[in-house]
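First residue of the sequence shown: -1, per the numbering used here; consecutive thereafter.
Don't be surprised by glycine CBs; every beta carbon is placed ideally from N, CA and C.
Model, not experiment: these values are computed from the prediction.
First the structure, in the form of structure tokens, and then the observations on it.
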Amino acid sequence: MVKVCVVGGGTAGSTAAAEASDCGAEVTLFERHEAAPPPSDDWPDFIRSPRTAPPSPRASAPRGVEAVFGVNVLAVGSGCRVYTAAGTRPFDSVVLASGSSALMRPFPGVTKRGVFVLATFEDCLRLARERISLERPVVLGRGLRALRVADALLEGGRTVCVAGPDGRSDPRLDPSTSLVLRKAAEARGASFFSGQSVKAVGTESVEAVVLDGEVHACDALVVVPSLVPSLPAGDLRTGPCGGALVGASMESSIRDCYAAGGCAELAGVSAASATRTLSLHYSCAPSSRVAGANAAGRFLTFRPVGSFGARVFGVGLACAGLSLSQARHLGLDAVESTVSRDGSTCSLVYDSCSGRLLGAQMAGASLPSLSPPLSLLASQSVSLSSLAYADLGESTDISLLLQAARQGIAWRRGVGGKGAGLRPDGGGAPVDSGD
Ligand SMILES: Cc1cc2nc3c(=O)[nH]c(=O)nc-3n(C[C@H](O)[C@H](O)[C@H](O)COP(=O)(O)OP(=O)(O)OC[C@H]3O[C@@H](n4cnc5c(N)ncnc54)[C@H](O)[C@@H]3O)c2cc1C
């Protein structure tokens, strides 16, 4: 029986461990905490309504997996030797799923009372306990995590400011999706401002945030730091963000050592982008399933088609595959077709030459349940034309999806012209139709 070691008991580690065990491997999972904290995706919900205790670690260990809590894996070496304070153990293969940690850039006033840096689960619980006394919090950070924290704080009639440099917008969200979320946030009383330099001021507690010289009064500053991959020591090749560099099988530079989730970076998917990498935070579950199965001796490959659903400011989000900025980061010539109707929006990201679907995002009243089917569509790389005329049902959300596909086709054929149109995003060269 193949002996697999999984490092980390978060979403990626438990998924990989369960998959390897289902494939018949004997699996040992090491988690450095005594009790596995709840998955960090759930933390914003704890701010809204703190439950008493995280789930029991034993109960949350995947079936058939030997989970060892309170053990920090110090290093992984060649021959899949795993080093802990208790000694060295050899395995046939290893899955690194050690996630990420908060990267906190210090700024003046960060230690004042009323400044909450959300780096650990305990920080979230502390904010949850004190939330009730806050009246005018400022949330620093712009991605989906920061928006979810702002959403949790808005309850109870507070006004919340969301601050941060624009460049920190979540690369997983397309511009149209971000806009829908922002409008919904503003309708609920949130305001947004931007700046590069940050200072928290006040005598003892924070009383204002100074952002690029502009003063914003507040009674709390909630900082949502960016995340950087965290890895045990080892002779691992890492990507530009510091994550373990993996190929499509999720194998790292150490033979039979795989990596997935927040600690991994997938090397570029197009020939033009051999040096680009994609953070695998957003597709924890699918990347870990591939890593877990391969560690157990299968031969699977991963395509970057993770999906996630969320509800923020009363808006349902369903996202699958690559966003526009992720696709372009990977060197793909991607464009976006966006359709908005009755407060809902759908954007499709596709390859401008082939019309192949790369990703899909929808935002509206009732959409999260659509993320698995969207993920399936993106994973099959369907073309715009096969999507546009597919018989998918009659719901409003589906008709929005089909309309976005038809609009993409129209653009590719050159609306009102002969075979060439301007890119929907206003850039790049015209292309032939060929769908
Ligand atoms: C506040 C917050 C909110 C977030 N909200 C969202 C969201 O809304 N949507 C979203 O998609 N993502 C969100 N994320 C990102 C999310 O955390 C990741 O996508 C996902 O949790 C990554 O899962 P993971 O299993 O790779 O890592 P983690 O969940 O970080 O798990 C890694 C585990 O490995 C353990 N570990 C690390 N090193 C070692 C070692 N050397 N030895 C033993 N054990 C070790 C850690 O203790 C940890 O339990 C959020 C993150 C944070 C911090």
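Span of the beta strand (DSSP E), counted from its first residue to its last, around residue i
i, result
"alanine 265", "262 to 265"
"valine 244", "242 to 244"
"leucine 27", "24 to 29"
"leucine 138", "135 to 138"
"lysine 1", "1 to 5"
"serine 393", "Looking at the DSSP string, serine 393 is not in any beta strand (DSSP E), and its letter there is neither H nor E."
"leucine 94", "91 to 94"
Identified DSSP bridge partners for residue i
i, result
"glutamate 249", "Tyr256"
"valine 199", "Ala206"
"tyrosine 81", "Ala73 and Thr86"
"threonine 275", "Ala265"
"alanine 161", "Leu138 and Phe191"
"alanine 215", "Ala206"
"phenylalanine 114", "Val220"
"phenylalanine 67", "Glu29"
"alanine 231", "Ala73"
"leucine 101", "Ser224"
"threonine 236", "Ala242"
Residue range of the alpha helix (DSSP H) that includes residue i
i, result
"phenylalanine 119", "119 to 128"
"phenylalanine 44", "41 to 46"
"serine 379", "Counting along the chain, serine 379 falls outside any alpha helix (DSSP H), and DSSP gives it neither H nor E."
"valine 226", "Careful: valine 226 lies outside any alpha helix (DSSP H), inside the beta strand (DSSP E) at 224 to 227."
"leucine 365", "First-last for leucine 365: undefined, no H or E at that position."
"valine 178", "173 to 185"
"serine 19", "9 to 20"
Beta-carbon contacts of residue i that lie in its chain and below 8 Å, excluding the five residues immediately before and after
i, result
"serine 167", "Arg140, Gly141 and Ser176"
"arginine 309", "Leu315 and Pro366"
"phenylalanine 190", "Cys159, Val160, Ala161, Arg180, Ala183 and Glu184"
"leucine 225", "Ser98, Ser99, Ala100, Leu101, Gly260 and His279"
Other residues of its chain near residue i: CB distance less than 7 Å, five sequence neighbours each side excluded
i, result
"arginine 301", "Ser377"
"cysteine 122", "Trp41, Phe44, Ile45 and Leu116"
"proline 88", "Gly77, Cys78 and Arg79"
"tyrosine 387", "none"
"isoleucine 252", "Val74, Ser76, Gly232, Asp233 and Leu234"
Cβ neighbours of residue i in the same chain (closer than 6 Å, five flanking residues each side left out)
i, result
"leucine 374", "none"
"glutamate 24", "Met(-1) and Lys1"
"alanine 16", "Pro60"
"valine 69", "Phe28 and Thr82"
Ordered list of beta strand (DSSP E) runs contained in the segment 280 to 362, each at least 3 residues:
Fully enclosed beta strand (DSSP E) runs of no fewer than 3 residues occupy 305 to 310, 313 to 319, 332 to 339, 342 to 349 and 355 to 362 of the segment 280 to 362, in order along the chain.
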